[in-house]
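In our numbering, the protein residues as written are 16 to 426. Note that the Cβ used here is the ideal one computed from N, Cα and C, for glycine as well. One structure is given below, encoded as structure tokens.
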Ligand SMILES: [Mg+2]
């Protein structure tokens, strides 16, 4: 069979793990195959992934566990384990790197790749799927098209265990006509509402709209998507993640709390994780912000500019304490938070202030703490302020999150 037509020479592929958490569990527990399996969130409140058997019974992602149990009492519900999902994710990455010269680690279960020159696209899509099944025992869906946006949209239409290359304009248009604009990564419902008055609802509507209109409504970001939908690969496959412009840690705290000691303990826990990130990437924030999320979906935030950029726990703790006092609202239940660092500097790239406290002995203390934790357990040595969270630290599944998997582009 001949290679791709001339205009389709440079093609991009997208690999997406099918029901990834469920199938990762099935790799280490083969008896789970063909059984209804649900993976539940860290505190055990919600189903965060479900097998096709469960999907057929009407169970949706994000459904509370008691509702899922009613629909599927015979289901097997397992707790999420990101340490294991990272192992599977990296196996997937290693396997694909043997097949393609350029692979992007997009998310825990999604990879983009460049189709090697000379490969027949449809057989290559099938080969990628077959190799991941043979080497990793993971079912995936593979889409190949002229741009990453087209490849990902294609993948969404052929799940699960699909493998397809889009090789004609007619096929591209047929797929685009079936997809809503909000199926495109980067188009939120808020953005889609701006397009509605112009009758733009499907991806095909967007691709056929005048580019000037799209630029006016969705800025240059929308214009890039317009090019991608029309088969011009303006978004490259990125084998290396560029330097972070922002680092953050946080998330849900499980059951909402009005207890100041418990919520502050979560701030300190997240600060310890935040400092780990700063040390790993060898950067110092010039500004920090704290966002507290309340149970009623409202949030409060406060930020500080640092006198001198730092990654020191004790100094950052003082800044976050100031932010916390400004965000805290007595009696209002908090259910999540984010600690955010921006204006990131490399050590030595900024002048030290005349009145900055000396780095020693704080640096020695942090080094000893890091070495002990690396050897004996991530949170073995931790701040006394986190003592109200004994229940959290006792549960090992809570001590490693999707965001702890480094090198990928998105959460
Ligand atoms: Mg997936």
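### Message
I'd like the list of long-range same chain contacts for residue 318, defined as Cβ closer than 7 Å, with 5 residues on each side in sequence excluded.
### Response
So the qualifying residues of the chain are 302, 303, 304, 338.
### Message
Taking 8 Å as the limit between beta carbons, can you name the residues of its chain near residue 126, skipping five residues before and five after?
### Response
Contacts found: 29, 30, 107, 108, 111, 118, 119, 120.
### Message
Relative to the C-alpha of residue 198, which candidate in 233, 264, 217 has its C-alpha closest?
### Response
217
### Query
Under the rule that 16 or more other beta-carbon atoms within 10 Å means buried, what is residue 425, buried or exposed?
exposed
### Task
For residue 40, verify whether its CB is less than 8 Å away from any heavy atom of ligand 1.
Not so, every heavy atom of ligand 1 lies at least 8 Å from the Cβ.
### Query
Just the Cα atoms here: how many angstroms apart are residue 282 and residue 174?
40 Å
### Task
Give the range of the beta strand (DSSP E) segment to which residue 118 is assigned.
Unbroken beta strand (DSSP E) run through residue 118: 118-122.
### Task
Give me the Cα-Cα distance between residue 298 and residue 262, rounded to the nearest whole angstrom.
Near 9 Å, if we compare the C-alpha coordinates of residue 262 and residue 298.
### Query
Are the stretch 136-144 and the stretch 178-191 in contact at 8 Å, needing three or more beta carbon pairs?
For the pair of segments examined, the stretch 136-144 was found to touch the stretch 178-191: the number of CB pairs separated by less than 8 Å reaches three.
### Query
Residues bridged to residue 87 by DSSP?
Beta-bridge pairing links residue 87 to no other residue.
### Strand pairing of residue 314, partner residues [DSSP]
Paired residue(s): 308.
### Query
From residue 90 to residue 341, what distance separates their C-alpha atoms?
45 Å
### Beta-carbon proximity of residue 404 to residue 277, cut-off 9 Å
At the C-beta level, residue 404 and residue 277 come within 9 Å of one another.
### Message
My assumption, with CB atoms under 8 Å, is that residue 243 sits in contact with residue 163. Please give the rounded CB distance.
### Response
7 Å
### Task
Whole angstroms is fine: what's the gap from residue 231's alpha carbon to residue 410's?
50 Å
### Query
Do residue 289 and residue 327 come within 9 Å of each other at the CB atom, strictly closer than that value?
no
### Query
Between the stretch 48-62 and the stretch 144-160, are three or more C-beta pairs nearer than 8 Å?
no
### Task
Name the two residues that bound the continuous beta strand (DSSP E) containing residue 125.
125-129
### Query
CB of residue 294 to nearest heavy atom of ligand 1: below 8 Å?
no
### Task
Kindly examine ligand 1 and report whether one of its heavy atoms sits closer than 8 Å to the Cβ of residue 128.
no
### Query
For residue 124 versus residue 32, is the C-beta distance shorter than 9 Å?
yes
### Query
From the DSSP output, which residues share a beta bridge with residue 31?
125, 156
#### Entry: Backbone CA spacing between residue 16 and residue 154 [nearest angstrom]
Residue placement at residue 16 is flagged as unreliable, the pLDDT there being 40, under the threshold of 50; a coordinate-derived value is accordingly withheld.
### Query
Do you know offhand how far residue 188's Cα is from residue 165's?
Their backbone Cα atoms lie some 10 Å apart in a straight line.
### Task
Check each residue's C-beta against every heavy atom of ligand 1 and list, in chain order, those closer than 5 Å.
31, 32, 35, 124
### Message
If I measure Cβ to Cβ from residue 360 and keep anything under 7 Å in the same chain, skipping five residues before and after, which residues do I get?
### Response
298, 299, 301, 324
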